[in-house]
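Just add 325 to wherever you are in the sequence shown, counting from 1, and you've got my numbering. Just below is one structure, and these are the notes that go with it.
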Amino acid sequence: MAPYSFRPDPSSTGIDPKTAGLLCYLFWFVTGIVFLIAEKQSRFVKFHALQSIAASFILMGVHFLFGWIPLIGAIVSFILWPVTVVLWIALMALALQGKAYKLPIIGEWSEQQVDKFN
326 MAPYSFRPDP SSTGIDPKTA GLLCYLFWFV TGIVFLIAEK QSRFVKFHAL QSIAASFILM
386 GVHFLFGWIP LIGAIVSFIL WPVTVVLWIA LMALALQGKA YKLPIIGEWS EQQVDKFN
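This is the structure we're talking about:
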């Protein structure tokens, strides 16, 4: 993961931007969408919201696709679920610390999209 170039800037939601960043990940893409719609100014919160949405859909898609493959799907799921939980906890902890880390590919895309959502 690479560091993101923005510091927590004030959130238009009235919530501390660090807390809002954490909440973007709390209920996967659902809270990501909520904060993406609600946030009007904080690039930090928008970044976390976008990264949460993208990562959620990709991880759910991988789980779904491999779930259809007998044996291999079970093995992949057995490995991927704990990794997903650890990743999500790490992203929430980093957001709460005021740090933003870009996941490979997803983070780049999220950074590029931040200014498009107002």
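Even glycine gets a Cβ: it sits at the ideal position worked out from N, Cα and C.
Spanning the alpha carbons of residue 405 and residue 393 requires a straight line of approximately 15 Å.
Following the DSSP letters along the chain, one finds residue 394 in no alpha helix (DSSP H), marked with neither H nor E. Taking residue 340 as reference, the option from 365, 355, 352 with the minimal CA-CA separation is 365. Scanning its chain for C-beta atoms nearer than 6 Å, with the 5 sequence neighbours on each side dropped, one finds around residue 421 the residues 343, 347, in chain order. With 16 or more other CB atoms across the displayed protein chains lying within 10 angstroms of its CB, residue 368 is buried. According to the DSSP assignment, residue 423 belongs to no alpha helix (DSSP H), since it is labelled neither H nor E.
Secondary structure at residue 427: strand, using DSSP grouped into helix, strand and coil. Residue environment analysis places residue 411 among the exposed positions, since fewer than 16 neighbouring C-beta atoms fall within 10 angstroms of its C-beta.
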